[in-house]
């Protein structure tokens, strides 16, 4: 880049001229008593005017003043000879304090107004409020507003919300600085852009497509560029997967807060791939300025060259776009980085990682959800569709699934703790199940050799053994029970024996009580 030479200002030219007049007196001081004669000789000479370049003379007192000013400034005599600023520099005496307050209040309420509109409204305001005083000229008002930072600012569109107010306050209170990541694949920028060129679709209509762009922050390389008909998570994942296949896995990705960028599939997929997802602040597109700058080149060069192309389809537009981005933009000299994006991408220190295969990427960009299994038929419900679980998982009450909302043909059952994919689930086919054929249930646990079961359960056997260890008879009175038939035939005998009282051993009773 060619550097323009510094052009001296009027103050600098005057200072250099004054020093050239008296400089030799400082380098070779005249003997005592000869200074006046030297000054008279300098006053008699003609000098080139620093502004008009016309021959001119300077008075004796003027040259004498320059001499003593330079003599008393040993470190910077030329700076001492510069023209002194006015004492009222920076003061707006023509604008009263009341008018200044009105200017600040009006600018706070209408930041997008031009200086001329502000001046015209101040004039009308002063006519209604004489206490503001006389409004000075437009140039004075404009100069004052620029000196205190009351510049024109583009208004954030739409209804004023709290988020927009916070964004405006942030611009008032915080500085905006340019930044650049120091490594290749350290940070990618991703965004959608509504194009200005329409394409013809099969239903006989012209539709304006949307382009997805992914740019590397360090090298400005366009990792991938593709046109779609909608801004959604499905198209975002489709384009991002291609960028990963081309350039590898980045360390971080910056997007705005759109629905496609904050979808579960996008957020969870980036987390599984180890990509830090950085979101810009609401209503702050300047944080993604490199992406916004890229759209200017896309519209100014690629789209501009398509203005006379008839019958442009989406497929044809994408073919042309790939040719432009790979053979012009990525290989064209970039003034900001002083080389081509492709060369800087190849020569820079790369912190990226090799990208996984297509199947791994598809499984990564899925939303993880929890469902309750219906034990009656071993199915779960997902987006209004029922899916069958293998019978080996029939004991689970709650299961964890992973799928993309736009592709229910690939639903996987995963381990909630480790995230490992266990198996793929398929939709319930009621027509196929109507044939009456049923699969054998899979075992829930590995097959274990059968162990003979004891006559008494272990707990009951333990209690009987404890009773036996006491050495005492059971604490109960034995009684022979007869069947109903025996009772009818031996009624007399029973009645004769009812009156008898059996003899009970006292030791037996005490032992049982104990």
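In my numbering, the protein residues as written are 1 to 514. Each residue gets a CB set at the ideal place from its N, CA and C atoms; glycine is no exception.
1) According to DSSP, is residue 435 helix, strand or coil?
2) Whole-angstrom Cβ separation of residue 236 and residue 254, contact assumed at under 8 Å?
3) Run the CB neighbour count on residue 67, radius 10 Å, all protein chains shown included, and call it buried at 16 or more, exposed below.
4) Under the three-state reduction of DSSP, which class applies to residue 326: helix, strand or coil?
5) Could you name the residues of the same chain whose beta carbon sits closer than 7 Å to that of residue 461, not counting the 5 residues immediately before and after it, in chain order?
6) Taking residue 312 as the reference, give the member of 233, 209, 366 and 360 with the closest Cα.
7) So, residue 103 versus residue 81, is the Cβ gap smaller than 8 Å?
8) Would you mind sorting residue 199 into buried or exposed? The rule is 16 or more other CB atoms within 10 Å of its CB.
9) Given a cut-off of 8 Å on the beta-carbon distance, is the pair residue 221 and residue 345 in contact?
10) When we look at the beta-carbon of residue 24 and count the other beta-carbons within 10 Å, is it buried (16 or more) or exposed?
11) Anyone know if the C-beta pair for residue 347 and residue 185 falls short of 8 Å?
12) Can you list, in chain order, the residues of its chain whose CB lies under 8 Å from that of residue 99, leaving out five sequence neighbours each side?
13) Per DSSP, what are the beta-bridge partners of residue 368 in this structure?
14) DSSP three-state label for residue 389, please.
15) If you follow the beta strand (DSSP E) that residue 382 is in, where does it begin and where does it stop?
16) Tell me whether the beta-carbon of residue 402 lies closer than 8 Å to the beta-carbon of residue 428.
17) If contact is defined by three or more beta carbon pairs under 8 Å, each pair taking one atom from either stretch, is the segment 296-310 in contact with the segment 138-153?
18) Can you check which of these residues, 214, 259 and 258, is closest to residue 239 by C-alpha distance?
19) Assign residue 179 to one of three DSSP states: helix, strand, or coil.
20) Would you kindly work out how many angstroms separate the C-alpha atoms of residue 219 and residue 269, rounded to a whole number?
21) Check whether the segment 417-424 touches the segment 373-380, counting contact only when three or more Cβ pairs, one atom from each stretch, lie closer than 8 Å.
22) Helix, strand or coil for residue 411 per DSSP?
23) Using only alpha-carbon positions, find the residue among 458, 57, 472 and 244 that is nearest to residue 361.
24) Output needed for residue 70: all residues of its chain with C-beta closer than 7 Å, excluding positions within five of it in sequence on either side, in chain order.
25) Look up residue 112 in the DSSP assignment and give the residues it is bridged to.
26) Pick from 230, 170 and 169: whose alpha carbon is nearest that of residue 194?
27) Where does residue 143 sit, in a helix, a strand or coil, going by DSSP?
28) To test your reading of the DSSP string, which unbroken alpha helix (DSSP H) runs of 4 or more residues are found completely within the segment 71-110?
29) Determine which residues share a DSSP beta bridge with residue 521 and list them.
30) What residue from 481, 206, 212 and 188 has the CA that sits closest to residue 278's CA?
31) Consult DSSP for residue 374 and reduce its assignment to one of helix, strand or coil.
32) Once the 5 residues before and after residue 287 are set aside, which same chain residues still bring their CB inside 6 Å of it?
33) DSSP three-state label for residue 222, please.
The answer reads as follows:
1) Correct three-state label for residue 435: coil.
2) That pair is no contact at about 14 Å.
3) Its Cβ being crowded by 16 or more others within 10 Å, residue 67 is buried.
4) Helix.
5) Closer than 7 Å at Cβ, skipping near neighbours: 454.
6) Ranking the options by Cα distance to residue 312, first place goes to 209.
7) No; because the gap between Cβ atoms is not below 8 Å, this pair is not in contact.
8) Its Cβ being crowded by 16 or more others within 10 Å, residue 199 is buried.
9) Taking 8 Å as the Cβ cut-off, residue 221 and residue 345 qualify as a contacting pair.
10) Residue 24 comes out exposed.
11) It is not a contact, given that the beta carbons lie outside the stated cut-off.
12) Only residues of its own chain outside the window of five on either side were considered, and among them 122, 126, 132, 133 and 135 have a CB closer than 8 Å to the CB of residue 99, listed in chain order.
13) Residue 368 pairs with 402.
14) Looking at residue 389 - three-state DSSP - the assignment turns out to be coil, as it is neither helix nor strand.
15) Its beta strand (DSSP E) spans residues 379-382.
16) Result no, Cβ atoms of residue 402 and residue 428 do not sit closer than 8 Å.
17) No, because fewer than three Cβ pairs between the segment 138-153 and the segment 296-310 fall closer than 8 Å, the two stretches do not touch.
18) Here the closest residue by C-alpha is 214.
19) In the three-state scheme derived from DSSP, where H, G and I count as helix and E and B as strand, residue 179 is classed as coil.
20) Distance from the CA atom of residue 219 to the CA atom of residue 269, rounded to whole angstroms, is 25 Å.
21) The segment 417-424 makes no contact with the segment 373-380: fewer than 3 CB pairs, one atom from each, lie closer than 8 Å.
22) In this structure, residue 411 counts as strand in the three-state DSSP scheme.
23) Taking only the C-alpha atoms, the option nearest residue 361 is 244.
24) Same-chain partners within the cutoff: 19, 22, 26, 77, 80 and 81.
25) For residue 112, which the question treats as bridged, DSSP gives no partner whatsoever.
26) Comparing Cα-Cα distances from residue 194 to each of 230, 170 and 169, the minimum goes to 230.
27) Secondary structure of residue 143 (DSSP, three-state): helix.
28) Under the rule that a run must span 4 or more residues, the alpha helix (DSSP H) segments found entirely inside the segment 71-110 read 77-80 and 97-109.
29) Examination of residue 521 is not possible in this model, given that the chain is present from 1 through 514 alone.
30) Nearest of 481, 206, 212 and 188 to residue 278, Cα basis: 188.
31) In this structure, residue 374 counts as strand in the three-state DSSP scheme.
32) The beta carbon of residue 287 is closer than 6 Å to those of 280 in its chain, skipping five residues each way along the sequence.
33) Looking at residue 222 - three-state DSSP - the assignment turns out to be strand.
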